[in-house]
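Note that my numbering has the sequence shown beginning at 11, numbered continuously upward. Glycine included, each C-beta is placed from N, C-alpha and C at the ideal position.
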Amino acid sequence: MKEGERILIVGAGLSGAVIGRALAQEGWRVEIVDSRAHVAGNCHTERDAATGVMVHVYGPHIFHTDDAEVWAYVNGFATFLPYKNRVKTTSGGQVYSLPVNLHTINQFFGKCFRPDEARAFIGALADRTIADPRTFEEQALRFVGRDLYEAFFKGYTQKQWGCAPADLPASILKRLPVRFNYEDNYFFHRYQGMPEHGYTAMVERILDHPNITVRLETDFRRNARDGFAHVFHSGPLDGYFDNDLGRLGYRTLDFERFTHDGDYQGCAVMNYGDLSVPYTRITEHKHFSPWEEHEGSVCYREFSRTCEPGDIPYYPVRLVKEKAQLADYVRLAEREEGVTFVGRLGTYRYLDMDVTIREALDTARLFMERRAAGAAM
Ligand code: FAD
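Spelled out as structure tokens, the structure:
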């Protein structure tokens, strides 16, 4: 590092904050810009003024990881309290437990199966005539048969992706999506929890360093790089290049917010598997902080649709067309000297928070090693 060299980071989400902190600690002067009025990106949480409930503004975020270094890292900036994600689904006028498990199977078929009996029963329902599944639908039918597929996978998937599961690749459903026990914790990870005061407070602490300056409500423009030794860009990859090769496809989400006196649904996340219900799920935010007590409640009805210019990009589509387009953008990015594209938008991938932090720590480490060795990036 040369005396006085400055680093520009686009985006004050987890990617930008973690990279910025790592560099700042080693003496770099870091400037972070974000177009939004708050830090923490899509993990942003804020208290609802009327009820006091901590709201996950861009949708529910549960921290889960097997990465001990990442777990130690986040615990250095926030107190994490125990939280297990237990999701329910409404289908055909009944409420079931997800992911599909022994309880779901027994309730759905009106049985009292033990694990081996359930395994044999589902095995007999599975459509073995499909030898080489090419679509999500064929894969699901081959794994679980038509009844479970239609109740728990078909409608939800169609609403989430905006197309029939018969038009999605089989690769989306890699493993048998059924558990033959009563385990309903959504994640298997060793470390799981929720930051006591929300994700934004945690990110504010990551950013709290004398070498870091944050400018909110500031849009990055490509011609604003002058004076910076390097740029880390966690905004959209296609946006950086002014969408010159077309827009990468995303799904966006609309959240219909409503309040309720008392408890609305009794759990944090209720999915809706039926196509007759236009939303995919309802999130009741108070249940993400079970250690707090609130009389009122804040809920989101969540609708998924194609992302249009001006919408927030949430889930990258990454089908055949998008992957080809991405390869063209990656070629452009590789020729762009002095810029590293990071995070979920900069690399056009769905990344969980722990993976985002892991990649950010590794990116910062690699950058500093290469600079110390005198290599350009
Ligand atoms: P972001 O959080 O998107 O941050 C990027 C920032 O860059 C944004 O603040 C944006 O405003 C800013 N920006 C973009 N372009 C510009 C520009 N041109 N100029 C200035 N600023 C710009 N992960 C989990 O581990 N558990 C979960 O339960 C979970 N739930 C999720 C639910 C949903 C609905 C979604 C969409 C994601 C979920 N994730 C979850 C993933 C999690 O949101 C990501 O891991 C995380 O947000 C990635 O951080 P990031 O910094 O890469 O991106």
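Any chain D beta carbon closer than 8 Å to residue i
i	result
V43	Judged by its chain identifiers, the structure shown contains no chain D, having just a single protein chain.
Residue i versus the options, residue with shortest Cα-Cα distance
i	options	result
A239	A50, E41 and R225	E41
D58	L376, A370, H295 and P300	H295
R129	V110, P143 and F146	V110
E147	L226, E127 and C173	C173
T293	V279, S299 and K121	V279
T145	L217, R185, E266 and D177	D177
R354	I17, D236, G203 and G21	G21
L258	P246, T269, F265 and E266	P246
H113	A136, E369, N195 and M378	N195
I216	V154, A88, L108 and Y106	A88
K184	Q35, F242, P143 and R345	P143
Q275	V105, G62, H74 and L33	V105
G103	F118, R96, L91 and N95	F118
F90	L33, M204 and Y159	M204
D284	Y260, F242, T167 and I140	T167
T61	Q335, L376, D273 and L329	D273
E369	I17, G348 and I29	I29
P300	Y282, A374 and G208	G208
S101	R291, V241 and A161	A161
E346	F251, G384, M363 and G23	F251
I182	Q170, N191 and E193	Q170
D364	E206, G23 and E15	G23
A32	G384, M378, A385 and A383	M378
A180	V67, A141 and D157	A141
Residues sharing a beta bridge with residue i, DSSP
i	result
I326	Note on residue identity: the sequence assigns Pro, not Ile, to residue 326. P326 is bridged to Y260.
L18	E41 and V241
I222	V40
Q202	H74
C309	F268 and E294
V105	T100
V279	T293
M64	R57
T394	What is shown of the chain runs 11 to 387, which leaves residue 394 out entirely.
CA-to-CA distance, residue j to residue i, given in whole angstroms
i	j	result
H219	G26	14 Å
G256	K331	11 Å
F198	R189	12 Å
T388	Y201	Nothing can be reported for residue 388: it is not among the residues displayed for the chain, which extend from 11 to 387.
I132	T366	37 Å
R381	V308	48 Å
A78	K121	41 Å
A357	Y93	Inspection of the sequence shows that residue 357 is occupied by Thr rather than by Ala. So the two alpha carbons sit approximately 29 Å from each other.
A82	A136	43 Å
W38	H243	17 Å
Y159	R124	21 Å
E396	M64	Absent from the model: residue 396. The displayed extent of the chain is 11 to 387, so no value can be given.
Y360	R261	11 Å
P175	K164	7 Å
T55	V352	22 Å
Y282	V97	11 Å
P70	D362	12 Å
P187	E318	32 Å
R16	A385	17 Å
T350	V49	20 Å
H304	G51	26 Å
Where residue i falls: helix, strand or coil (DSSP)
i	result
Y166	helix
K296	helix
N253	coil
R185	coil
P125	helix
F131	helix
L361	coil
T89	coil
T316	strand
V49	coil
V84	helix
F351	strand
T228	coil
V287	coil
D157	helix
E79	helix
V28	helix
N195	coil
N116	helix
R380	helix
E303	coil
R368	helix
Handout entry: Three or more C-beta pairs below 8 Å linking the region 220-238 and the region 307-316
Key = no
Problem - Three-pair Cβ contact test at 8 Å for the region 221-228 versus the region 35-55 - result: yes
Practice task
Check whether the region 316-326 touches the region 265-273, counting contact only when three or more Cβ pairs, one atom from each stretch, lie closer than 8 Å.
Solution key: no
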